[in-house]
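Beneath this line is the structure, given in structure tokens, with notes to follow.
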């Protein structure tokens, strides 16, 4: 708990508007990706088909889209950002693994690596000063 407080203090002291805009863009991107998966469920089914042999395909379909949508909204507003990003990490790691198990799509791989890197950054950085977390903390 102490390390989270130290990270929050450091992030609030070193916050910049551009970092907050990147967080908001990440949240909007994840939300739009979730909407895309909901509207085109066959595309999502085709994406996870290489790991569907292991089992749990229906669970993955019902986890990925809502996690992207709800997590994207939470990340965009800066509400429980670290928790929302922790829910995204297994999906992004799975997206990278799927590229190596099935047909290689270099554009999808690069996008998944970029989003994973940004998520790991915000996992440590937190939501910043321009967020709902900071607002609620200051209301106490």
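Residue numbers (my numbering): 1 to 140. Even glycine gets a Cβ: it sits at the ideal position worked out from N, Cα and C.
Taking 8 Å as the threshold, find out whether the region 34 to 46 comes into contact with the region 77 to 84 through three or more Cβ pairs.
-> Below 8 Å, too few C-beta pairs join the region 34 to 46 and the region 77 to 84 to call them touching: fewer than three.
Alpha carbon of residue 98 to alpha carbon of residue 75, nearest angstrom | The alpha-carbon atoms of residue 98 and residue 75 are separated by roughly 25 Å.
Would you mind working out which of 32, 112, 101 and 103 sits nearest residue 92, comparing C-alpha positions?
-> That would be 112, whose Cα lies nearest to the Cα of residue 92.
Near residue 101, what residues of its chain come up, given a Cβ to Cβ distance below 8 Å and the 5 sequence neighbours on each side ignored?
-> For residue 101, same chain residues with a beta-carbon under 8 Å away, outside a window of 5 residues either side, are 50 and 51 in chain order.
Does the beta-carbon of residue 105 have 16 or more other beta-carbons within 10 angstroms, so that it is buried, or is it exposed?
-> Residue 105 comes out exposed.
Do residue 148 and residue 120 have their CB atoms nearer than 8 Å?
-> This structure cannot speak to residue 148, because the chain is shown only from 1 to 140.
To the nearest angstrom, how far is it from the Cα of residue 72 to the Cα of residue 48?
-> Going from the Cα of residue 72 to the Cα of residue 48 covers about 21 Å.
How many Å lie between residue 182 and residue 123 at the Cα?
-> The requested residue 182 does not occur in the structure, where the chain is confined to residues 1 to 140.
For residue 139, three-class secondary structure by DSSP = Residue 139: helix per DSSP, three-state reduction.
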